[in-house]
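Presented below is the structure to which this report refers.
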C-alpha cells in the first residue's frame, strides 16, 4: 500500500493556472542578461495559450450552452432557428454549389453545410484567421451589405486545382506575404460563382442581386456593421478529394430585415413554383363551387328625390320592349343573355347567346407578373 502511494505521489502533475502564471512572472523578473529568459519573453503565444488566456475558444462561441456574463451579453441575440426558410435556402445553395464548382474546377467537389449560427459582428471579425480574403458583398434589392470569407487553405487548394496542380500532393502554404493579383482574381471568380448560386437559392423566397463591392485582406477594412450588431453566419465546407477548406457567408440581421417575414414562414414542401398536383386539386374544387347568378331585366339612374317619393301604386316605366333580352351576370361580369319565360310555377330564363369566356389566359397572368417583377427591380 505504501508503494502504491509513493508511485502516485511521484507521478507528474499537470500545472494549473497559478503555476503557469508564476513561471511567466519568473521569466519577466529574471536578469536582463539572461538570453533564455529574453527569448521566452519575446516568443509569441500559440493558439492554445491564447484560448486559455481568454477563457474561451473563438470557434466555440454560440455553439455551446453559455452561462454567466457571456449568457447575459448574448441574451438579446436572435437565433437563426426562428427563420425556418433560411436553412432551406442554404440547403438549396449547397446543391447548386456542388454542381457549379464541379464544372468550374473539373474536379470532384463535395460541398456540405457545416453550421448556421448567430454571432456578434465584432467577435466574428476578431476571430477570422489570417491570412484570408474577404469580399464585401452588396445586396441590391435589400440595400445593404454582407461578407464573404474564404480561408487560406481553400484559397491555396483552389489555386492549385485551377492551375493544374497534381492530385495527392501537399499544398504549400506561403506565409508572410500578401496574395498576388492572380490568386486574388481566381478567388474572386469563385466568389462570383457562389454568389450567383446564392441568388438562385434566394429567388423562390425573394429575388436579390449580389455584387462584390470590394475585396479586402484586412478584416478591419471590412466593417459593414457595428461590432455589437447581431448577424447570421453560414459556414460551408468545400472538399476536393484530399484538399479543401471553408467559406463563410455573414449576413447582418439588418441586411435580411426586408425579407424577415418571408423567412419566418414554415417550409411546406420540396417544390418551388408550380405544383401540378395542387393545380389539379384546385381545378376539381372550382368545378364544384357554387356561384350566385343574377338575371337583370333593366337598370336605370334616377334622382334620389324621385326615389324617396315613391309610394305604393306608383308605376315605373322601363325603357325596354317585352321581348328584350335580360343580362345574366355573376357579380359584375356578364356571362350571357336570355329571354324571360315561365316553367311550371316559376319564372325562368332561356339562354339565347353563348357564354362569354374570358380572353385572359394563365400565360397572360404569368407574363404580367414577370413584367411587374422587372419594373420593381428597375
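In my numbering, the protein residues as written are 564 to 941.
All residues carry an ideal CB built from backbone N, CA and C; glycine is no exception.
These numbers were taken from a predicted model, which means no experiment stands behind them.
query, result
"Residue 698 and residue 754 closer than 8 Å at C-beta", "yes"
"Rounded straight-line distance, which links the Cα of residue 846 to that of residue 696", "53 Å"
"Meets three-Cβ-pair contact criterion under 8 Å: the region 715-725 and the region 774-783", "no"
"Residue 815 beta carbon less than 8 Å from that of residue 705", "no"
"Euclidean distance between Cα positions of residue 756 and residue 657", "12 Å"
"Under 8 Å between C-beta atoms of residue 649 and residue 888", "no"
"Three-pair Cβ contact test at 8 Å for the region 676-690 versus the region 761-775", "no"
"Whether residue 959 touches residue 713 by CB criterion (8 Å)", "A question about residue 959 goes unanswered here, because the residues of the chain that appear run from 564 up to 941."
"Residue 906: first and last residue of the uninterrupted beta strand (DSSP E) it sits in", "896-906"
"Those runs of the beta strand (DSSP E) which lie wholly inside the region 777-819 and span at least 3 residues", "793-803, 806-815"
"Residue 772 versus residue 893 - alpha carbon distance", "44 Å"
"Beta carbon of residue 647 nearer than 8 Å to that of residue 829", "yes"
"Backbone CA spacing between residue 758 and residue 711 [nearest angstrom]", "9 Å"
"Contained alpha helix (DSSP H) runs [length at least 4] in the region 680-709, N- to C-terminal order", "684-690"
"Where the alpha helix (DSSP H) through residue 869 begins and ends", "867-871"
"Residue 645 - DSSP class collapsed to helix/strand/coil", "helix"
"Test item: CB-CB of residue 802 and residue 660 under 8 Å", "no"
"Residue nearest to residue 679 in terms of C-alpha spacing, selected from 868, 694, 788, 652", "652"
"6 Å CB neighbourhood of residue 746 in its chain, flanking five on each side removed", "722"
"Residue 818 versus residue 727 - alpha carbon distance", "38 Å"
"Extent of the continuous alpha helix (DSSP H) run through residue 724", "715-725"
"Identified DSSP bridge partners for residue 891", "858, 899"
"Selection from 848, 702, 715 that minimises the alpha carbon distance to residue 692", "715"
"C-beta atoms of residue 794 and residue 813 nearer than 8 Å", "yes"
"Exposure of residue 799, with buried meaning 16 or more beta-carbon neighbours within 10 Å", "buried"
"Beta-carbon proximity list for residue 768, same chain, < 8 Å, skipping 5 on both sides", "648, 652, 822, 825, 826"
"Per-residue DSSP class, three states only, for residue 751", "helix"
"Contact under 8 Å by Cβ, residue 808 with residue 717", "yes"
"Run of the beta strand (DSSP E) containing residue 852, from where it starts to where it stops", "Premise fails: residue 852 is in no beta strand (DSSP E) and is neither H nor E."
"Beta-carbon proximity of residue 900 to residue 915, cut-off 8 Å", "yes"
"Beta strand (DSSP E) segment containing residue 919, residue limits", "Premise fails: residue 919 is in no beta strand (DSSP E) and is neither H nor E."
"Distance between residue 856 and residue 886 (C-alpha atoms, nearest Å)", "21 Å"
"Bounding residues of the beta strand (DSSP E) (the contiguous stretch that carries residue 909)", "909-914"
"Nearest-angstrom Cα separation, counted from residue 868 out to residue 903", "31 Å"
"Spatial distance of residue 905 from residue 841 (CA atoms)", "43 Å"
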